[in-house]
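K.L.:
If you want this note's numbering, it's the position in the sequence shown, counting the first as 1, plus 8.
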Amino acid sequence: MTRTRRVNVTRQQLERITTPIARPLLIEDGIEITDTGVWAWVEIPATATYLLEEQELVDATLANSTALAAALPPDTEFHIKIVWRPTSGAEYARSWAAIESVRAPLAEQYIALGGERIDANAAAGRFRQRVVLLGVRWPDRSQTDRGRQVTRMLRSASAELREAGQRCDAVRPAVDRWMQQVAQPPLRGRPASAGTIAWAYARELRRGVDLDVPDDDTLSGGRLVSLMDGQMDPTRSDNHVVVTDARTGTAHYVAVLTTAVNGFPPSELEIPGGEWLQVLADLDGVEASLRGFNHGQAGSVTLLDSARKLVTSQERESTAHGGQPPTEVLEADQALRARRHEVTRRLDVEITTHPRWIVDAATEEELVQRVDALRRHYAGTLSLQVVPYTQDLLWQELLPGDTVRVTEFAQLQPMRTLAGSWFHGGSVVGDTTGPYIGANLGSTPDPVRFHLTSRSATDKRMPTAVAFTGQSGSGKSTAVMLTVLGVLAEAAWCLLVDGKGDLGGIVEAAHGLLGVPVQVIDVTSAAASGSMDPMRFAPDADEARSKTLDVLLGALHPDDRRRAETVVEQAIDAVLARPRESWSSPQVVSELVVTEGDTTAARTAREIGEILRTRSHAAEMRVVLGALPPDAQPMLFGRGLVYVDLSGLPLPRHSLDPVQWSPSERCAMAVFRLVFAYALLQSRHARSMKKLVALTELHLITRYPEGRGYVEWTARTGRALQTAVALDTQDADGLAAVPGLVEQLVTSFAFRAEGDVEQAAQAALARRPNPGPVLRAALANLDVGQAIMRDRRNRLAPIQFDLLSEWVRDVLATDAAEDTEGDVEQA
């Protein structure tokens with residue numbers, strides 16, 4: 009039998025529609041006018057279903073089913089297209105123009121680096137954007153008028169376009185009302201742009217070519233013809249077609265798969281639904297197209313009643329022959345009764361669907377491999393097949409505005425089966441603006457962005473605290489540093505408090521990558537002598553007086569502190585009465601030491617002065633009472649990074665009672681308090697500037713009342729003062745116990761954690777207070793640098809932080825250097 013005869017025989021065995029493909033005449037935002045009909049199109053944004061527990065997914069699926077039943081008009085044809093759009097580093101770079109903020113000197117270099125990483129990951133197939141289009145064939149009176157159809161065929165192109173505009177204007181009011189309904193949760197559909205609709209059509213003709221989405225709000229005539237300059241060839245194979253871009257000659261091989269007869273399991277993918285269209289992200293070169301018809305309530309009842317009549321006749325026939333009806337017949341009757349009950353109670357409706365899976369590849373060999381991989385992927389859930397000799401007809405069904413051409417593989421299903429496919433499901437997380445931070449590891453393989461200091465109309469009303477929790481060595485501190493770099497790109501003031509002393513690389517990264525001013529304060533280093541003297545850095549006498557009094561009294565034993573308050577205040581006032589350039593804490597100590605008189609107060613002043621002069625030689629107090637080096641800089645209150653290394657401070661470990669502290673521990677606590685006083689001072693006095701305070705090893709800070717109080721205060725007031733706070737800790741349980749903190753977190757990053765207590769605390773910080781097996785397993789299986797991100801819209805997804813470049817990776821490394829033989833000094 010010749011191939012031509014085989015094709016004819018096969019096609020005669022199938023119902024088929026071989027009319028010419030629908031030809032777009034006019035495309036506007038949300039509406040496509042073709043020579044055969046009018047379609048209304050919305051784009052359905054992807055959602056975050058990836059980490060939902062089973063019951064949460066059940067509830068969401070039922071809500072999704074109800075929304076779809078309401079959104080799809082009854083007795084109407086619809087079309088769902090799931091396609092992938094490549095991500096673009098250039099688009100990322102352009103998006104920064106919409107952010108109204110100051111820029112760091114080398115911000116463009118930082119932005120370009122992020123764009124390069126996005127392009128590199130996209131080229132490797134790791135980044136692509138899921139686009140979900142939902143189209144509805146709209147009633148078009150001109151299509152029911154045979155005379156108008158004949159007249160249109162005889163008209164000129166200009167007259168045809170003019171009539172298309174009239175048809176568009178006629179349906180626009182009704183389409184707009186429908187779109188307002190679809191815009192409601194949970195679908196949240198938005199009118200598909202004219203460019204997106206045209207791009208979705210053109211890419212079927214020009215696969216393998218990077219097509220830019222046109223930004224026109226109206227497309228017609230030559231613009232459409234130019235965009236859709238490709239062709240489809242069905243003659244090269246029985247099992248696929250070849251589409252070729254006419255401009256470049258680029259050819260791609262495309263196979264369209266359908267479900268086999270009875271390809272859907274008898275359970276019809278019961279709730280929660282199997283997410284049989286969400287899983288497309290797991291495969292390369294696979295997309296989906298689903299055409300369907302919504303029967304509405306009345307049509308659904310009619311269909312179910314017809315089916316029940318058939319089942320009833322089968323039961324009667326079995327009984328008439330003295331036998332029992334087969335189990336399958338009895339189960340079918342029971343199922344039909346249940347379905348009818350749901351439909352009459354408006355809990356569900358029946359739809360007819362024609363799902364198609366599209367596989368494309370650059371070569372025939374690759375196409376065969378991808379088809380096999382797709383079928384294996386769905387094994388045990390759906391049975392898929394490549395139908396020979398009809399690939400051209402199935403391909404035509406993919407075109408927006410066309411229709412069903414092969415009807416044999418239709419599936420009569422309840423709406424919840426479509427809802428349970430989660431065609432718009434995914435793992436969307438992060439912000440739409442701001443710095444690129446890494447990759448989405450879920451079913452929405454997009455680049456992830458985190459704009460902590462966003463001041464958009466919606467975001468500026470939200471809290472400004474972010475938590476980084478997880479095991480030691482899981483990548484928390486590195487993620488904090490990457491966040492600091494993103495904030496510094498907007499020329500912010502950032503204070504990074506390093507409790508272990510292993511984050512010094514942020515200094516080189518901030519200066520080399522962004523060109524921002526950097527101040528390094530190692531509080532026990534001789535180089536930092538006098539650099540945190542509040543008499544020197546405070547902006548006015550009132551602040552200088554209060555901060556200096558606190559730090560000097562803090563260095564004293566509680567018994568000395570009680571009798572020293574008045575004399576220290578008097579000494580401070582005496583120094584403040586002098587010219588500003590002479591203000592310093594050592595001058596206050598000198599004023600105490602040289603106090604004249606033989607009164608009790610004078611003797612106390614000299615005694616306290618001698619104690620403080622002795623303390624000034626201690627490494628813990630040198631940063632306040634030490635001599636100021638000639639090249640010393642004042643504390644930074646402008647834009648840039650202040651890196652404070654607290655690793656050398658001997659903070660009290662055994663007792664929180666000041667009476668039990670040693671002199672070095674008292675001095676350490678005095679400096680510890682001063683760091684937070686500086687942060688509070690900057691937050692209040694530079695309100696318009698974007699600011700970030702990053703506290704690493706937070707569990708070492710919140711054990712003290714001063715640190716705990718600062719965290720609570722900043723978390724609650726950060727939004728009003730435009731001060732963000734990043735909290736890094738191994739103790740998620742302790743962080744979650746801070747009063748009111750969970751409500752003040754705009755975002756959380758949960759790194760690897762295995763213990764039940766820590767996982768429960770991380771879930772609480774992510775506003776999922778009762779973690780189930782899905783979330784617990786995700787937390788336990790994270791690798792270094794990976795985290796579960798909860799964004800400002802309470803969406804959860806696993807992400808991988810991106811270190812941007814080898815240089816950034818090496819600079820920000822927190823691991824200790826290796827012990828090698830060459831490092832050992834020889835005797």
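Each residue gets a CB set at the ideal place from its N, CA and C atoms; glycine is no exception.
Per the DSSP calculation, PHE809 is bridged to which residue(s)?
P.N.:
Within the DSSP secondary-structure output, PHE809 pairs in a beta bridge with GLY446.
K.L.:
Any idea what DSSP makes of ARG844, helix, strand or coil?
P.N.:
Because the chain in this structure spans residues 9 to 835, residue 844 falls outside the shown range and cannot be described.
K.L.:
Does the segment 411-426 come into contact with the segment 356-364, if we say contact requires no fewer than three beta-carbon pairs (one atom in each stretch) closer than 8 Å?
P.N.:
yes
K.L.:
Excluding the 5 residues preceding and the 5 following ASP223 in the sequence, name in chain order all residues of the same chain whose CB lies nearer than 7 Å to its CB.
P.N.:
So the qualifying residues of the chain are GLY203.
K.L.:
Starting from ALA421, trace the alpha helix (DSSP H) in both directions and tell me its first and last residue.
P.N.:
Going by the sequence as given, residue 421 is Gln instead of Ala. Here GLN421 belongs to no alpha helix (DSSP H); instead the beta strand (DSSP E) covers 419-422.
K.L.:
What does the Cβ neighbour count give for GLN174, buried or exposed, with the cut at 16 atoms within 10 Å?
P.N.:
exposed
K.L.:
Using alpha carbons as the reference points, say which of GLN137, GLY123, LEU557 and ARG611 lies closest to PRO594.
P.N.:
LEU557
K.L.:
Using the DSSP secondary-structure output, state which residues sit across from GLY143 in a beta bridge.
P.N.:
TRP49 and HIS87
K.L.:
Just curious, the alpha helix (DSSP H) that ILE514 is in, first and last residue?
P.N.:
ILE514: member of the alpha helix (DSSP H) spanning 513-517, first to last residue.
K.L.:
I'd like the list of long-range same chain contacts for VAL217, defined as Cβ closer than 7 Å, with 5 residues on each side in sequence excluded.
P.N.:
Counting only Cβ-Cβ distances below 7 Å, and skipping sequence neighbours, we find ASP253, THR256 and THR258.
K.L.:
Between which two residues does the alpha helix (DSSP H) holding VAL733 run?
P.N.:
Taken as a continuous stretch (DSSP letters only), VAL733 belongs to no alpha helix (DSSP H), being part of the beta strand (DSSP E) at 731-737.
K.L.:
Spell out a yes or no on whether the segment 627-641 and the segment 536-543 are touching, meaning 3 or more CB-CB pairs, one atom from each, closer than 8 Å.
P.N.:
yes
K.L.:
Under 8 Å Cβ to Cβ from ILE279, same chain only, skipping five residues before and after it: list those, please.
P.N.:
Because ILE279 carries a pLDDT of 46, less than 50, the predicted location of this residue cannot be relied on, and no value is offered for it.
K.L.:
Determine whether the beta carbon atoms of VAL140 and PHE431 lie at a separation below 8 Å.
P.N.:
yes
K.L.:
CB-CB under 7 Å to GLY238, same chain, minus the five flanking residues each way: which ones, in chain order?
P.N.:
LEU213, ARG214, VAL251, THR252, ASP253 and ALA254
K.L.:
What does DSSP give as the partner residue(s) for ALA259 in the beta ladder?
P.N.:
Answer is THR252.
K.L.:
With the cut-off set at 8 Å, would you say THR466 and ALA106 are in Cβ contact?
P.N.:
no
K.L.:
Consult DSSP for PRO566 and reduce its assignment to one of helix, strand or coil.
P.N.:
helix
K.L.:
What does a CB cutoff of less than 7 Å around GLY763 pick up in its chain, not counting 5 residues either side in sequence?
P.N.:
none
K.L.:
Output the distance between the C-alpha atoms of LEU344 and GLU61, rounded to the nearest integer angstrom.
P.N.:
30 Å
K.L.:
Closest by CA to SER624, which one among ARG571, ASP454, GLY562 and GLU573?
P.N.:
Nearest option by C-alpha distance: GLY562.
K.L.:
Determine, using beta carbons only, whether VAL337 and GLN322 come nearer to each other than 8 Å.
P.N.:
yes
K.L.:
Count the other CB atoms, across all protein chains shown, that sit within 10 Å of the CB of ASP653; report buried if there are 16 or more and exposed otherwise.
P.N.:
buried
K.L.:
Mind the definition here: the segment 183-190 touches the segment 70-86 only if three or more C-beta pairs lie below 8 Å; say whether that holds.
P.N.:
yes
K.L.:
Looking at VAL294: is its Cβ nearer than 8 Å to the Cβ of LEU390?
P.N.:
no
K.L.:
Which residues in the same chain as CYS675 place their Cβ atom closer than 7 Å to its Cβ, once the five residues preceding and following it in sequence are excluded?
P.N.:
ALA563, ARG623, ALA626, GLU628 and MET629
K.L.:
Is GLN767 helix, strand or coil when you go by DSSP?
P.N.:
helix
K.L.:
Can you tell me which residues form a DSSP beta bridge with CYS8?
P.N.:
Here the chain covers residues 9 to 835 and nothing more, so residue 8 does not appear.
K.L.:
Taking contact to mean at least 3 C-beta pairs separated by less than 8 Å, is the segment 607-621 in contact with the segment 568-576?
P.N.:
yes
K.L.:
Do the CB positions of VAL110 and GLU498 come within less than 8 Å of each other?
P.N.:
yes
K.L.:
Going by alpha carbons, who is nearest to ALA306 out of ASP439, GLY143, ASP148 and THR84?
P.N.:
THR84
K.L.:
Can you tell me the Cβ-Cβ gap for ILE807 and ALA447, rounded? I've got them flagged as a contact below 8 Å.
P.N.:
At roughly 6 Å, the Cβ-Cβ gap stays under 8 Å, so ILE807 and ALA447 are in contact.
K.L.:
Once you ignore the five residues that flank GLY715 on each side, which residues in its own chain have a CB closer than 6 Å to its CB?
P.N.:
ILE709
K.L.:
Helix, strand or coil, according to DSSP, for HIS362 in the structure here?
P.N.:
strand
K.L.:
What does DSSP give as the partner residues of PRO408 in its beta bridges?
P.N.:
None, per the DSSP bridge assignment.
K.L.:
So who's on the other strand from GLU36, going by DSSP bridges?
P.N.:
ILE39 and THR226
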